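A.B. asks: Be aware that the sequence shown starts at 45, since it is given in the working numbering, and climbs by one per residue.
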Amino acid sequence: MTGPDSPSLPEPQRPSADMLWQRLDDPAAARVLADGYTRQFFEPFIWRERRVTEVARDLGISKTAMLYRVRQFLRLGLLEVTRTEPRAGRAIRYYRATSRGYFVPFTATTADSVQSLYEESLDNTRRSVLSALTRAWSTLADDPRWFGLYTFGDEQGLKSHALLPYRPADNLHDLSQQGFLEPLLAETEPAIWDNTTTLTLSAQDAKTLQRELNALQRRFSRRKLPGGQPYLMRLTLAPVQVDADGT
45 MTGPDSPSLP EPQRPSADML WQRLDDPAAA RVLADGYTRQ FFEPFIWRER RVTEVARDLG
105 ISKTAMLYRV RQFLRLGLLE VTRTEPRAGR AIRYYRATSR GYFVPFTATT ADSVQSLYEE
165 SLDNTRRSVL SALTRAWSTL ADDPRWFGLY TFGDEQGLKS HALLPYRPAD NLHDLSQQGF
225 LEPLLAETEP AIWDNTTTLT LSAQDAKTLQ RELNALQRRF SRRKLPGGQP YLMRLTLAPV
285 QVDADGT
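Structure below.
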C-alpha cells in the first residue's frame, strides 16, 4: 500500500525478453509472496504447468485444501489456467503462475521494518530446513537418547556447535582436532551438513568466499539427474558487527 510519502521506486528491470517481472502493489497479492507459509502453496506453480492433485500430493495436503489456495491465487491474478484436458466427468485443468518473476515492494506489505519482512518471508523456509535436518540426523542413531549437543572452542572462540550421537571419550580428542562433523564425510554416512562458525577474513577474502559459494551452488544446480534425491541447501554468509573495543 503506497502513501504520499512512499519513495518513488523504478519498476524492476526486465533481464531478458522471456523473463517477465510482475510488480505486486495489491496488499492481498503481495501477502502471498511475503508470507513464507502461504508462499509454499504458490511456489510449485512458478513457470511450471501443474495440476491441483499433483501439487497437493507433493505438499502433503488434501486436494480440497489445495483447490482453496488455487482459487485464491486465481482471484488475485497470480495464477492462470494454461490448458484443459477433456476426460469423462470433470475436465483436468493445468495451472501456471502469471509471471516468471515477482517484485513485492515494502510499501505493499504490513511489515514495520526490513528485518521483520525478511524474517516473515523466510520463516517457513527455516522450519523446512530444520525439519529436513531433523529427519536426516535421526538416521544416525536408532534411539534419540543417544543424541546430544557438542559445543567446542579454543583460544579463538567457538569452533563448533553440533547435534550428534554420543561419542566415546577416546574419540572426542580426535574430533576436537579434526572437527565434530568430520565423521559425516565417510562414504557410509548420509550427505548432510549443518555448521555455524565465525571466520576472520579480509574484505577481499570475504568476496572471494561469497563468489566461490555462489559458483559451487550454481555448478551443482545444473546436475538434474533422473531419479536423483532432492537435497535442501541453504548458504549464509554475513558480516558480524564488531564493537569499538574489538569484541
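Ideal Cβ positions, reconstructed from N, Cα and C, are used throughout, including at glycine. Treat the numbers as computed from the prediction; the structure is a model and nothing was measured.
Give me the Cβ distance between Leu120 and Ala72, rounded to the nearest whole Å; I'm assuming they're in contact under 8 Å.
C.D. replies: Against the sequence shown, residue 120 aligns to sequence position 76. Against the sequence shown, residue 72 aligns to sequence position 28. About 6 Å separates the two Cβ atoms, so the contact holds.
A.B. asks: By a C-beta neighbour count over all protein chains shown, 10 Å radius and 16 as the cutoff for buried, is Tyr275 buried or exposed?
C.D. replies: What you label residue 275 is simply residue 231 of the sequence shown in a count that begins at 1. Answer is exposed; the Cβ neighbour count stays below 16.
A.B. asks: CA-CA distance, Leu64 and Gln261?
C.D. replies: As a first step, residue 64 must be located in the sequence shown, where it is residue number 20. As a first step, residue 261 must be located in the sequence shown, where it is residue number 217. Going by the C-alpha atoms only, they are around 24 Å apart.
A.B. asks: So the beta strand (DSSP E) Thr128 belongs to, where does it begin and stop?
C.D. replies: Here residue 128 refers to the residue found at position 84 of the sequence shown. Leu123 to Glu129 is the extent of the beta strand (DSSP E) around Thr128.
A.B. asks: Would you identify the three-state DSSP class for Leu120, choosing helix, strand or coil?
C.D. replies: The residue labelled residue 120 in the question sits at position 76 within the sequence shown. Coil, per DSSP.
A.B. asks: For Arg94, name the three-state secondary structure that DSSP assigns.
C.D. replies: Within the sequence shown, residue 94 is the residue found at index 50, counting from 1. Looking at Arg94 - three-state DSSP - the assignment turns out to be strand.
A.B. asks: Considering only the alpha carbon of each residue, which of Phe117, Pro88 and Arg92 lies closest to Gly104?
C.D. replies: As a first step, residue 104 must be located in the sequence shown, where it is residue number 60. Considering only alpha carbons, the answer is Pro88.
A.B. asks: When you compare the CB positions of Ala185 and Ile236, do they come within less than 7 Å of one another, or not?
C.D. replies: Numbered from 1 along the sequence shown, position 141 holds the residue referred to as residue 185. Numbered from 1 along the sequence shown, position 192 holds the residue referred to as residue 236. Not in contact: Ala185 and Ile236 (Cβ atoms no closer than 7 Å).
A.B. asks: Applying the 10 Å Cβ sphere with the 16-neighbour rule, what's the burial state of Leu174?
C.D. replies: The residue given as residue 174 occupies position 130 in the sequence shown. It counts as exposed.
A.B. asks: Less than 8 Å between the CB atoms is what I'm expecting for Leu161 and Ala78, so what's the real figure, rounded?
C.D. replies: In the sequence shown, counting from the first residue as 1, residue 161 sits at position 117. In the sequence shown, counting from the first residue as 1, residue 78 sits at position 34. Right, their Cβ atoms sit about 7 Å apart.
A.B. asks: Closer than 6 Å by C-beta to Asp214: which residues in its own chain qualify, once you throw out the five before and the five after it? Chain order, please.
C.D. replies: Counting from 1 along the sequence shown, the entry for residue 214 is found at position 170. Confidence in Asp214 is poor, its pLDDT being 46 and thus under 50, which makes the residue's placement too unreliable to answer from.
A.B. asks: Is Phe147 closer than 7 Å to Arg67 when the C-beta atoms are compared?
C.D. replies: Mapped onto the sequence shown, residue 67 falls at position 23. Mapped onto the sequence shown, residue 147 falls at position 103. Cβ distance < 7 Å, so Arg67 and Phe147 count as in contact.
A.B. asks: Determine the direct distance from the alpha carbon of Ser182 to that of Ala155, and round the result to whole angstroms.
C.D. replies: As a first step, residue 155 is located in the sequence shown; it is residue number 111 there, counting from the start. As a first step, residue 182 is located in the sequence shown; it is residue number 138 there, counting from the start. Each residue's alpha carbon lies about 36 Å from the other.
A.B. asks: Should Tyr138 and Glu98 be called a contact, given that it needs their Cβ atoms to be closer than 7 Å?
C.D. replies: For this step, residue 138 is matched to residue 94 along the sequence shown. For this step, residue 98 is matched to residue 54 along the sequence shown. No, Cβ-Cβ distance for Tyr138 and Glu98 is not below 7 Å.
A.B. asks: Please list the terminal residues of the continuous alpha helix (DSSP H) segment that includes Gly80.
C.D. replies: Locating residue 80 in the sequence shown gives position 36, where the first residue counts as 1. It spans Gly80 to Phe86 - the alpha helix (DSSP H) in which Gly80 sits, taken as one unbroken run.
A.B. asks: Give me the Cα-Cα distance between Arg58 and Phe264, rounded to the nearest whole angstrom.
C.D. replies: As a working mapping, residue 58 is identified with position 14 in the sequence shown. As a working mapping, residue 264 is identified with position 220 in the sequence shown. Reliability of the predicted coordinates at Arg58 is poor, the pLDDT of 37 falling under 50, and the value obtained from them is presented with this limitation in mind. When rounded, the distance between both Cα atoms is 26 Å.
A.B. asks: Could you give the first and the last residue of the continuous beta strand (DSSP E) run that contains Ala141?
C.D. replies: As a working note, residue 141 is residue 97 in the sequence shown. Ile136 to Ala141 is the extent of the beta strand (DSSP E) around Ala141.
A.B. asks: Could you tell me which residues DSSP pairs with Arg67 in its beta bridges?
C.D. replies: Within the sequence shown, numbered from 1, the residue matching residue 67 stands at position 23. DSSP lists Phe147 as partners of Arg67.
A.B. asks: Assuming Arg140 and Thr126 are in contact, meaning their beta carbons sit under 8 Å apart, how far apart are those beta carbons, in whole angstroms?
C.D. replies: Position 96 of the sequence shown, counted from the first residue, corresponds to residue 140. Position 82 of the sequence shown, counted from the first residue, corresponds to residue 126. Arg140 to Thr126, Cβ: 5 Å. Contact.
A.B. asks: Quick check: what's the CA-CA separation for Phe85 versus Ala135?
C.D. replies: Here the question's residue 85 lines up with position 41 in the sequence shown. Here the question's residue 135 lines up with position 91 in the sequence shown. Distance between the alpha carbons of Phe85 and Ala135: 22 Å.
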